[in-house]
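Colleague: Supplied in structure tokens, the structure appears directly below.
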Amino acid sequence: MKTLVINSGSSSIKYQLFNMEDESVLCSGVVERIGEEEGVLTHKINPDSDNAEKVVVKEYIADHTAGMSLFIDLICGGEKGVCKDKSEIGAVGHRVVHGGEEFHQPILINDAVIKGIEKMVPLAPLHNPANLDGITVARELFADVPHVAVFDTAYHQSIPEHAYMYALPYSLYEEMRVRRYGFHGTSHRFVAKETAALIGKKPEEANIITVHLGNGCSMTATKNGKAVDTSMGLTPLEGLVMGTRSGDLDPALHAFLGRNKGMGLEEVDTLLNKESGLKGMCGMNDMRDIHAAVEKGDKRAEMALAVQTYRNKKYIGSYMAVLGRVDAIVFTAGIGENDAIVRQKSLEGLEPLGVEIDEKANDARASEPMKISTDASRVQVWVVPTNEELAIARDTLAVVGE
Ligand code: ADP
């Protein structure tokens, strides 16, 4: 069956069409700058093959309906279409950021599910409405096929109460469900499962720390195949140091900046989400630029790298304590998959805890999973590429039941 995966943002829509018989990507693309003067559609045909082709369309794209219609026309029929017509697409999977406490797994979308996703809007005011726009338009354009919602938070719903509750008045939880949710769940679940297979364990017997380091960064401890803790919280701001997000800090900072700098709550929120993290510390948020600056002797870039990797190590150590026995630590996403220096620094000094990196293996580059620990290392360390779209496509198929 051909399965379309859609990740709808406020002004963009990413998509991939899979042939689920062999899980190959037939085409993928992104519509950007929806509603702006000039929108862009970048469409790739057979992107993973030697004869990949790219089509770029630049024109005014009024809304999500216009954006989705544009790429569906390219997919179906026409000279370069990978489908004869729309009827070849058997299911549509949608990434949804926040499923709150209501959604623990992927679910077939109906009107009640839509209402449930709407209910979570206060928890993800930017993301859930944009995800809903994508779902609404796709349900109109593909009225006769099943649509499935796959939630970023769902994997973390197995986290126990003592790990998800904040030490706040209980009424805040009762009234507003203030608690840790965690994000990147589809990635953590996918990578933990792949890693279990790579180390020869059943998923339900594997204890794994998944380290997702991209623009957003998060870490999850998985015990016997279930998430038991994760670094992101009520929002994706908590935890690790990210490209532009601070991660953990003293919660009294808002009050301090309010009193002493006259900053408002929204202002501090923007500061912490958009102007902090690596960018805040050294002016750069792409790890490749930071390494280049470090090479040139930039002390602030060096500091930013040290602060990020130290935080990673602190979390890895705490999740080792949470899990007791750790079978594997696995790095994934843009930085995790490509950056040997970040991996090495994040694990530096953990030898007494049974973590021993093989420097040569760590320096290798591969688009396939690779083991980077020595054979003597008690805890295996792996690099496993994440593939959230494929995970969503698999989930969609599992829900649809084919
Ligand atoms: P997103 O969270 O947006 O999905 P990605 O997982 O694609 O992000 O990660 C993007 C980040 O990965 C970039 O900002 C960059 O810092 C980092 N990155 C990508 N390629 C490399 C590389 N070769 N070396 C180091 N860092 C890289």
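In my numbering, the protein residues as written are 591 to 992. Glycine residues also receive a C-beta, built at the ideal position from the N, C-alpha and C atoms.
Counting pairs of Cβ atoms below 8 Å between the segment 798 to 817 and the segment 828 to 837, do you hit three or more?
Modeller: Touching, yes.
Colleague: Please confirm whether residue 781 and residue 922 have their CB atoms less than 8 Å apart.
Modeller: The sequence position of residue 781 within the sequence shown is 191, counting from 1. The sequence position of residue 922 within the sequence shown is 332, counting from 1. In contact: residue 781 and residue 922 (Cβ atoms closer than 8 Å).
Colleague: Buried or exposed: which applies to residue 929, given that a residue is buried once 16 or more other Cβ atoms fall within 10 Å of its Cβ?
Modeller: Here residue 929 refers to the residue found at position 339 when the sequence shown is read from its first residue. Classification for residue 929: buried.
Colleague: May I ask you to verify whether the segment 736 to 755 touches the segment 614 to 632, counting CB pairs closer than 8 Å and requiring at least 3?
Modeller: Touching, no.
Colleague: Out of 681, 699, 874, 665, state which residue places its alpha-carbon closest to the alpha-carbon of residue 674.
Modeller: Counting from one through the sequence shown, the residue named residue 674 turns up at place 84. The residue with the shortest Cα to Cα distance from residue 674 is 665.
Colleague: What are the start and end residues of the beta strand (DSSP E) that includes residue 676?
Modeller: Mapped onto the sequence shown, residue 676 falls at position 86. Here residue 676 belongs to no beta strand (DSSP E), and DSSP marks it neither H nor E.
Colleague: What residues match up with residue 606 in a beta bridge as DSSP calls it?
Modeller: To locate residue 606, count along the sequence shown from 1; it is residue 16. Paired residue(s): 595, 618.
Colleague: Is residue 925 close to the ligand ADP? I mean its beta-carbon at under 7 Å from any heavy atom of the ligand.
Modeller: In the sequence shown, residue 925 corresponds to position 335, counting from 1. Yes; taking the cut-off as 7 Å, the Cβ of residue 925 has a heavy atom of the ligand ADP nearer than that.
Colleague: Helix, strand or coil for residue 735, going by three-state DSSP, please let me know.
Modeller: Position 145 of the sequence shown, counting from 1, holds the residue named residue 735. Coil, per DSSP.
Colleague: Under DSSP, the beta strand (DSSP E) around residue 820 begins and ends at which residues?
Modeller: Numbered from its first residue, the sequence shown carries residue 820 at position 230. Looking at the DSSP string, the run of the beta strand (DSSP E) that includes residue 820 is 816 to 820.
Colleague: What are the complete beta strand (DSSP E) segments, minimum 3 residues, inside the segment 780 to 834?
Modeller: Within the segment 780 to 834, the complete beta strand (DSSP E) runs of at least 3 residues are 798 to 803, 807 to 813, 816 to 820.
Colleague: Using 8 Å for Cβ pairs, my map puts residue 620 next to residue 604. What's the rounded Cβ distance?
Modeller: Reading the sequence shown from its first residue, position 30 is the one you call residue 620. Reading the sequence shown from its first residue, position 14 is the one you call residue 604. Rounded, the Cβ-Cβ distance is 5 Å, consistent with contact.
Colleague: Run through the segment 882 to 949 for me and flag every whole beta strand (DSSP E) of 3 or more residues, listed as ranges in chain order.
Modeller: 918 to 922, all fully within the segment 882 to 949.
Colleague: Classify residue 1077 as helix, strand or coil using the three-state DSSP reduction.
Modeller: Any answer about residue 1077 is impossible in this case: the structure gives the chain only from 591 up to 992.
Colleague: Just reading off the beta strand (DSSP E) that residue 629 is part of, what are its end residues?
Modeller: Along the sequence shown, read from residue 1 onward, the residue named residue 629 stands at position 39. Counting along the chain, the beta strand (DSSP E) containing residue 629 begins and ends at 629 to 635.
Colleague: Would you tell me roughly how many angstroms separate the C-alpha atoms of residue 946 and residue 820, rounded to the nearest one?
Modeller: Mapped onto the sequence shown, residue 946 falls at position 356. Mapped onto the sequence shown, residue 820 falls at position 230. Near 24 Å, if we compare the C-alpha coordinates of residue 820 and residue 946.
Colleague: Does the beta-carbon of residue 878 have 16 or more other beta-carbons within 10 angstroms, so that it is buried, or is it exposed?
Modeller: Here residue 878 corresponds to residue number 288 of the sequence shown, with the count starting at 1. Flag for residue 878 reads exposed.
Colleague: Determine the direct distance from the alpha carbon of residue 697 to that of residue 667, and round the result to whole angstroms.
Modeller: Reading the sequence shown from its first residue, position 77 is the one you call residue 667. Reading the sequence shown from its first residue, position 107 is the one you call residue 697. Using only the alpha carbons, I get a separation of about 30 Å.
Colleague: Using 7 Å as the cut-off, classify the Cβ of residue 685 as near or not near the heavy atoms of the ligand ADP, replying yes or no.
Modeller: On the sequence shown, residue 685 is found 95 positions in, with the first residue counted as 1. It does not: the Cβ of residue 685 is nowhere closer than 7 Å to a heavy atom of the ligand ADP.
Colleague: Taking the straight line between their C-alpha atoms, what separation do you get for residue 718 and residue 742?
Modeller: Within the sequence shown, the letter at position 128 stands for residue 718. Within the sequence shown, the letter at position 152 stands for residue 742. Whole-angstrom Cα-Cα distance: 11 Å.
Colleague: On a CA-only basis, which of 843, 803, 766 is nearest residue 778? Give me that one, please.
Modeller: To locate residue 778, count along the sequence shown from 1; it is residue 188. The candidate whose alpha carbon is nearest that of residue 778 is 803.
Colleague: Is any heavy atom of the ligand ADP found at a distance shorter than 7 Å from the C-beta of residue 641?
Modeller: Counting from 1 along the sequence shown, the entry for residue 641 is found at position 51. Checking the Cβ of residue 641 against the ligand ADP gives no.
Colleague: Taking buried to mean at least 16 other C-beta atoms within 10 Å of its own C-beta, is residue 760 buried or exposed?
Modeller: Walking along the sequence shown from the start, residue 760 turns up at place 170. Label assigned to residue 760: exposed.
Colleague: By alpha-carbon positions, which one of 687, 715, 745 ends up nearest to residue 695?
Modeller: Looking up residue 695 in the sequence shown gives position 105. Considering only alpha carbons, the answer is 745.
Colleague: Taking 7 Å as the cut-off, does the CB of residue 875 come closer than this to any heavy atom belonging to the ligand ADP?
Modeller: Mapped onto the sequence shown, residue 875 falls at position 285. Indeed, a heavy atom of the ligand ADP lies less than 7 Å from the Cβ.
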